[in-house]
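Taken in order, the sequence shown gives residues 16 to 141; the numbers are from the numbering used here.
This report refers to the structure that appears directly beneath it.
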Amino acid sequence: MQWEFTNDRAISLQIVEIVQKGILSGVYPPGSSLPSVRVLAVEAGVNPNTMQKALVELEARGLVHTQRNSGRTVTDDERLIMKLKQQAAASYVEQFFADMRNLGFERADAAAILKSQATSPLEEVG
């Protein structure tokens, strides 16, 4: 897991985003155990209290559950995970359209470019 932080937002919020992305991408599969707060804090290079705050937020979102005496596990609610994946995908697509608008493309033209790229084979770089 990549723990890269910026100075524009609270570290705990960035941790939430990183761990959530790990859950949505399958790094932490449904029902799997998460490393302990201390282990995650060491990996991320943050204070354990900051990591704890982020995990509490993930619990509030329903992505993580605390099991007494056995730590935290990822939700096994695959519908919730899929819903959040679709929301994330929609956000990426909207960012694409915003970036294309900044380049001077209308939404329909940007969609045509996206469709064209989606159906063409990947070109090798190098």
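Note that beta-carbon positions come from the ideal geometry of N, C-alpha and C, so glycine has one too.
Bear in mind the structure is a predicted one, so any value in this text is a computation, not a measurement.
For D91, I'd like the list of residues in its chain whose CB is within less than 6 Å of its CB, leaving aside the five on either flank, ordered along the chain.
-> Result list for D91: P45 and G46, in chain order.
Between K68 and V108, what straight-line distance do the alpha-carbon atoms span, to the nearest angstrom?
-> One C-alpha to the other measures close to 30 Å.
Closest to S48 by CA distance: which of L55, V89 and Q35 is it?
-> Ranking L55, V89 and Q35 by CA distance to the CA of S48 puts V89 first.
Find the nearest neighbour of R126 within the set D114, Q17 and V34, judged by alpha-carbon distance.
-> Looking at the sequence itself, residue 126 is Ala, so the reference to Arg does not match. Out of D114, Q17 and V34, D114 has the C-alpha closest to the C-alpha of A126.
Out of A123, I38, S51 and A56, which has the shortest C-alpha to C-alpha gap to E19?
-> Ranking A123, I38, S51 and A56 by Cα distance to E19 puts A56 first.
Proximity below 8 Å, CB of L39 to CB of I96 | Yes. Within cutoff.
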